[in-house]
Amino acid sequence: MAGVGVSKAARGYGFSLARPLARVSPRARARLAVFGVTAAALLFPLVNQNDADIDSAANALAFAALALGLNIVVGFAGLLDLGYAAFFAIGAYTYGAASSWQLQPVWGGFWEPFQWLELVTRFHTAGGDVVHFQVSFWLMLPVAAGVAAFFGVLFGAPTLRLKGDYLAIVTLGFGEIVPIVARNIPSVTNGAMGLNGVAAPRFFGFDFGIDATPYYYVGLALVAFLILTSQRLKDSRIGRAWMAIREDEVAAMAMGVDRVRYKLLAFAIGAAFAGATGTFYVAKLQTATPEMFMFPVSVMILVMVVFGGIGSVWGVVVGALLLQILQSWFLEDLSGWLHSLGRLVGVDWLQHVELASSIELIFGLILVLMMLYRRQGLIPATRRTRTLSLDEQTVQPARSGFTDLAATDHVSPLPLLEISALTVRFGGLVALQSVELSVPAHSVVAVIGPNGSGKSTLFNAITGLVPTDQGTIRFAGAEIGRLRPHQVLERGIARTFQNIRLFPNLSVLENIMVGMHARLATGPVGAVLRLSATRGEEAAARERALEILSLFGNRLLPRAEHPAASLSYANRRRTEIARALAAQPKLLMLDEPTAGMNPAETLELADQIKSLNRQGLTILLIEHKLDVVAMLADKVVVLDHGEKIAEGTPAAVRRDEEVIRAYLGRSAVFA
Amino acid sequence: MNRGAPAVSEYGVLLQQVINGLSLGAMYALLALGFTLVYGILELINFAHFNVFMVSSFVGMWALQLLGISGQGQVLTGFALAGALVFAFVATMLAGGVLGVAIERLSLRPLRGVPGTAAMITTIGVSYILFNIILLTVGAGSENYPNPLPVVRWQFGEVTLELKTLLIWGVATVLMIALHLFVNRTRLGKAMRATAQDAEAAQMMGVDVDRVVVTAFFLGSALAGAAALIFGLYYNYTSFIIGYTAGLRAFTAAVLGGIGSVPGAMVGGVLIGLIETLGGQLIAVRWTDVIIFSILILVLVFVPTGLFGRAVPTKS
Chain A
15 MAGVGVSKAA RGYGFSLARP LARVSPRARA RLAVFGVTAA ALLFPLVNQN DADIDSAANA
75 LAFAALALGL NIVVGFAGLL DLGYAAFFAI GAYTYGAASS WQLQPVWGGF WEPFQWLELV
135 TRFHTAGGDV VHFQVSFWLM LPVAAGVAAF FGVLFGAPTL RLKGDYLAIV TLGFGEIVPI
195 VARNIPSVTN GAMGLNGVAA PRFFGFDFGI DATPYYYVGL ALVAFLILTS QRLKDSRIGR
255 AWMAIREDEV AAMAMGVDRV RYKLLAFAIG AAFAGATGTF YVAKLQTATP EMFMFPVSVM
315 ILVMVVFGGI GSVWGVVVGA LLLQILQSWF LEDLSGWLHS LGRLVGVDWL QHVELASSIE
375 LIFGLILVLM MLYRRQGLIP ATRRTRTLSL DEQTVQPARS GFTDLAATDH VSPLPLLEIS
435 ALTVRFGGLV ALQSVELSVP AHSVVAVIGP NGSGKSTLFN AITGLVPTDQ GTIRFAGAEI
495 GRLRPHQVLE RGIARTFQNI RLFPNLSVLE NIMVGMHARL ATGPVGAVLR LSATRGEEAA
555 ARERALEILS LFGNRLLPRA EHPAASLSYA NRRRTEIARA LAAQPKLLML DEPTAGMNPA
615 ETLELADQIK SLNRQGLTIL LIEHKLDVVA MLADKVVVLD HGEKIAEGTP AAVRRDEEVI
675 RAYLGRSAVF A
Chain B
311 MNRGAPAVSE YGVLLQQVIN GLSLGAMYAL LALGFTLVYG ILELINFAHF NVFMVSSFVG
371 MWALQLLGIS GQGQVLTGFA LAGALVFAFV ATMLAGGVLG VAIERLSLRP LRGVPGTAAM
431 ITTIGVSYIL FNIILLTVGA GSENYPNPLP VVRWQFGEVT LELKTLLIWG VATVLMIALH
491 LFVNRTRLGK AMRATAQDAE AAQMMGVDVD RVVVTAFFLG SALAGAAALI FGLYYNYTSF
551 IIGYTAGLRA FTAAVLGGIG SVPGAMVGGV LIGLIETLGG QLIAVRWTDV IIFSILILVL
611 VFVPTGLFGR AVPTKS
């Protein structure tokens, strides 16, 4: 078994080779490990020639492939799918129908070209000639994956708006429906009896038959391909978009991730993995029954993912293999030992223990214990980060602003953002009432007002997070009031949030790179093929992200690989601004950027914002610290109860009677 | 239908199925209340509830066997019957309630406040554990359920009403009225409603949230216990498998009524009971589950608040 080989190899390195290995770079070490695993897996059937063992290993590989597919949906995109076996079933029956004797339409001229292509044969029966499907296994692998992906989109589409737990229930419903349908349409599936005469794959004239070894190697190739696909997707623009959705859906949308598209993509790719695996599994068993795809199978795959490490590619493979080893070998061996022990000591019940039947009990225990004590799984998806040196932690607040910054070339005489008669209602509550706002290009406009005056609602309306009821929002001459958040970002508006919405479990660098989502082009195919153009784009994006981090000097750069959740409050604010800058906006919208910062940090950030503006960036700012407003803003807009009550230079607004009444009446000082 | 009885018209069959549907519906409603009470307070879908119901049905069986009743042969009447039933219901509901509280205390409280789906995955694990404990100890066969109820039938035109049907309706009605009074008339009930609205605010106003959560689990699981005994008395069997089917249907009922809403769970339960019997009659029994799951999906997708649910507040 591959997994046994792995663990022995790993242990061997650990003991005897530890010293020289310490000098090998982590990258080379990882390559060595992959090489060792591959070699062990390739050699396994040659070393262990027991057909039953090889068969179990091939089954284990099928489940590893399923775990990899579910990991895309649950681990990367964070969508809990409790009916994943439905896609396994769809792939299985797709191959089954295309290569078994189940469907036997009457022969006619229509079928002749297909006969010529060797997809069908003409079969003589007493009642006349019928068609036998015999589509090649190799052709059906991608076809079944495609069919399953189609159903993935079909099942995924209605669930997209649902919260996580509702989504789980809907997928569970689909997971229930599919096997019941399979049972209830015996003309296609032969119902509970199972498919008849599924053809074994052939490879250049060699018939796989029932010998387990060729299936083992096909399974191995499948798992290897899916590992590669998963890894490459994970470390790409696509994977970052998925993980951004998983971490914070609203922030992901605001940073340019098309939520609908990427959720469906995750469903489709996850389903495609299951579809291909279904084809493999049915070809190997040469039958399929509805019972093979019921809820317990979905749960088993989920247990493998949870056990191995949600989101961790190697983790879920190891999880699947370990649980299959447990099920196929270890529990039976252990039962055998207990039987011997029972005979030895003369205890009757010990001789009848069948531990293999308790596998589901063990699954239940694994789920509970992992959730309680090790939610990251056996092999966590996120690496541990080293602690920073004292040098790296030392920073002096500076008053220079950003020094190393390329000027934006955007020049326009018109107002960049123009809002007129904007009204937003929440049920009966009017959050914004006929607000007019004009933001000239290259200016800094500040929005102030008491709490609950509608400032953040204004930001949300501009960025498409809340629907507007009336009025227009024009940006760079085009109406954007009906656009979805990611489209608003694509047009050139990036924002930060009042309550900081980073992607906590992504590294600082990855957070920044999610900000570049809309400015990069890599699609899922490009991410998997990883051609030189993709590699080039990725390297350039990484370099630019580091450049943006370096704007903040020593504050963020040494922490580039740290999870965003580990940052201090002020550094999280800075990271969020850096992420917005990464989107190359024309208009930067900052929602209370200096909230929670001490005076020195506040002045440092204010200078940095000023320098961004000097380079040509237009800035719309919500800010409570009025000294910051006075220092930065060309124009101040005052909101109260959703209405604009004043507008003008900071000095003019300061003297406005109504502002003093509405706002300053409650705060003693105006700096 | 007995031989010699007048041929029953199609209308009569449907009416009879309505009676049956109301009985099943009463059971689903009791079970659905458990989902709704916990969801209302923790926003957690409690899959363990499925098998709290199943385990409780075995407890009910053992309680009746303890009284020396086995199978359907030993019929009791009068005070003996009432006593046996009260004992069985109290034992089953207590067992269910204690099991529910234990699950909360041991596996869910440590996960309170952990974001995401960790708690829900845990309840799936707990459900699996309960399921397999019964499977491994009692076995995979179905058990003949002890039933001391005499078979009494009343004929109303084409419709037959049985004593057990009346018992089910009576018990379910009494329990639901009791729950309604508890939630709306007692201090703890008020604390529950406040916690369901806003747990944090309730806590700051001095509500002991842990106590509220334990109460929700106890009440919900005790009602599942009552539903479990009803299941046994109605169908005359129990098995390790019953939790899954009945649980999913009851969950659908809770969603249909609006998860988190107590009256919603009651109405939803009755509706699902009717859909099950009438759907089976009008379409085909083998498609019943597809119908019910389709309803589940359609309701969640198009009217996630259900019939009685309040709009789910979005947390920014």
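Protein chains in written order, with the numbering used here: chain A, 15 to 685; chain B, 311 to 626. Ideal Cβ placement from N, Cα and C applies to all residues, glycine included. Note that the structure is predicted; figures quoted are calculated from it, not measured.
Beta-carbon gap between residue i and residue j smaller than 8 Å
| i | j | result |
| --- | --- | --- |
| residue 319 of chain A | residue 84 of chain A | yes |
| residue 381 of chain A | residue 317 of chain A | yes |
| residue 569 of chain A | residue 528 of chain A | no |
| residue 634 of chain A | residue 603 of chain A | yes |
| residue 632 of chain A | residue 456 of chain A | yes |
| residue 567 of chain B | residue 529 of chain B | no |
| residue 550 of chain B | residue 444 of chain B | yes |
| residue 600 of chain B | residue 565 of chain B | no |
| residue 357 of chain B | residue 413 of chain B | no |
| residue 364 of chain A | residue 353 of chain A | yes |
| residue 368 of chain A | residue 349 of chain A | yes |
| residue 393 of chain A | residue 89 of chain A | no |
| residue 582 of chain B | residue 563 of chain B | yes |
| residue 54 of chain A | residue 335 of chain A | no |
Neighbouring residues, chain B, relative to residue i (Cβ below 8 Å)
| i | result |
| --- | --- |
| residue 201 of chain A | The premise fails here: residue 201 of chain A is roughly 14 Å from chain B at the closest Cβ pair, so nothing lies under 8 Å. |
| residue 389 of chain A | 424 and 428 |
Chain-ordered neighbours of residue i on chain B, where CB pairs are closer than 7 Å
| i | result |
| --- | --- |
| residue 180 of chain A | 610 and 614 |
| residue 244 of chain A | Those within 7 Å of residue 244 of chain A in chain B number zero; the least Cβ separation is about 21 Å. |
Within-8 Å CB hit, residue i to chain B
| i | result |
| --- | --- |
| residue 305 of chain A | no |
| residue 207 of chain A | no |
| residue 354 of chain A | no |
| residue 318 of chain A | no |
| residue 173 of chain A | yes |
| residue 633 of chain A | no |
| residue 431 of chain A | no |
| residue 128 of chain A | no |
| residue 611 of chain A | no |
| residue 183 of chain A | yes |
| residue 80 of chain A | no |
Any chain A beta carbon closer than 8 Å to residue i
| i | result |
| --- | --- |
| residue 575 of chain B | no |
| residue 428 of chain B | yes |
| residue 599 of chain B | yes |
| residue 578 of chain B | no |
| residue 417 of chain B | yes |
| residue 314 of chain B | The predicted position of residue 314 of chain B is uncertain, since its pLDDT is 48 and thus under 50; a value taken from the coordinates is nonetheless stated next. No, its Cβ sits nowhere closer than 8 Å to a Cβ of chain A. |
| residue 435 of chain B | yes |
| residue 420 of chain B | yes |
Residues bridged to residue i (per DSSP)
| i | result |
| --- | --- |
| residue 460 of chain A | A:635 and A:650 |
| residue 135 of chain A | A:146 |
| residue 349 of chain A | For residue 349 of chain A, which the question treats as bridged, DSSP gives no partner whatsoever. |
| residue 484 of chain A | A:437 |
| residue 362 of chain A | Paired residue(s): none; residue 362 of chain A is not in a bridge. |
| residue 603 of chain A | A:509 and A:634 |
| residue 548 of chain B | B:453 |
Contact list for residue i against chain A, beta-carbon separation under 8 Å
| i | result |
| --- | --- |
| residue 511 of chain B | Per Cβ cutoff of 8 Å: no residues; residue 511 of chain B is ~17 Å from chain A at best. |
| residue 432 of chain B | 381, 382, 385 and 386 |
| residue 446 of chain B | 371, 372 and 375 |
Whole-angstrom C-beta distance between residue j and residue i, which should lie under 8 Å
| i | j | result |
| --- | --- | --- |
| residue 109 of chain A | residue 296 of chain A | 5 Å |
| residue 210 of chain A | residue 115 of chain A | 5 Å |
| residue 507 of chain A | residue 477 of chain A | 6 Å |
| residue 213 of chain A | residue 148 of chain A | 6 Å |
| residue 586 of chain B | residue 331 of chain B | 7 Å |
Within chain A, the residues that residue i reaches when beta carbons sit closer than 9 Å
| i | result |
| --- | --- |
| residue 596 of chain B | 194, 197 and 198 |
| residue 348 of chain B | Chain A residues near residue 348 of chain B: none, gap ~12 Å exceeds 9 Å. |
Partners in chain A for residue i, counting only beta-carbon separations shorter than 7 Å
| i | result |
| --- | --- |
| residue 603 of chain B | 187, 190 and 191 |
| residue 442 of chain B | 372, 374, 375 and 378 |
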